[in-house]
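Counting from 760, one number per residue, gives the positions in the sequence shown under our numbering. We treat Cβ as the ideally placed atom computed from N, Cα and C, and that holds for glycine.
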Amino acid sequence: MLSVLDLSFNNFNSSISHWLSNVSEFWILNLAGNSLRGAIPEAFADLDSLQELDLSSNSLIEGPLPVGLGHLSQLRKLDLSDNNINGKIPSSFAKLCNLQTFVLLSNIISGEINEFVDGLSRCSNNVLESLDLRVTTCLEANCPIQ
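Dropping the structure here:
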């Protein structure tokens with residue numbers, strides 16, 4: 760079983776490969792610091808053993824956050840910083856009850872962050888320690904990022 764796949768800082772210049780979803784036993788996947796482009800594939804939701812996902816510093820990743828990422832019940836760390844992700848944080852993310860660290864800095868978010876935070880507070884084992892939204896642009900007045 761391959762539990763850690765670290766392909767960070769390899770100058771990959773392509774879309775995020777769908778082949779990654781064919782291996783469901785990753786615990787840690789690090790694709791940070793490449794030049795990956797396009798949307799985050801919904802197929803990532805099939806990586807149900809995933810505990811850490813780092814797609815940070817791929818400034819060409821764009822589009823909304825995939826709803827399916829919110830179904831990764833084992834996820835403890837999610838770093839999507841320094842990309843061009845836009846849209847709302849999906850309501851499914853409120854079910855990430857094991858999430859300890861969520862880094863979304865330097866993206867463009869709309870909608871209410873409070874819905875996500877309130878949803879997590881309903882988890883019986885809420886363990887969120889760090890929510891980093893610094894330098895994140897919010898497109899709506901009702902989107903407090905403080």
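Asn817 vs Asn793 beta-carbon contact at 8 Å:
Yes, the Cβ-Cβ distance between Asn817 and Asn793 is below 8 Å.
On the three-state DSSP scale, how would you describe Ile867?
Of the three classes helix, strand and coil, the one that applies to Ile867 here is strand, per DSSP.
What would DSSP say about Glu821, mapped onto helix, strand or coil?
Reduced to three states, the DSSP call for Glu821 is strand.
Kindly list the residues whose CB is nearer than 8 Å to the CB of Gln905, restricted to its own chain and excluding five residues on each side of it in sequence; keep chain order.
With a pLDDT of only 43 at Gln905, under 50, the local geometry of the prediction cannot be trusted, and the value read off the model is given with reservation. Excluding residues within five positions, none has a Cβ falling inside 8 Å.
I'd like to confirm the pairing. Which residues does DSSP put opposite Arg796 in its beta bridges?
Answer is Ser774, Leu819.
May I ask you to report which of helix, strand or coil DSSP gives Gln905?
At Gln905, the pLDDT of 43 sits below 50, so the modelled position is not reliable; the number obtained from the coordinates is stated separately. Looking at Gln905 - three-state DSSP - the assignment turns out to be coil, as it is neither helix nor strand.
Label Phe803 either buried or exposed according to how many other C-beta atoms from any shown protein chain fall within 10 Å of its C-beta, with 16 as the threshold for buried.
Under the 10 Å beta carbon count, Phe803 is surrounded by 16 or more other beta carbons and is classified as buried.
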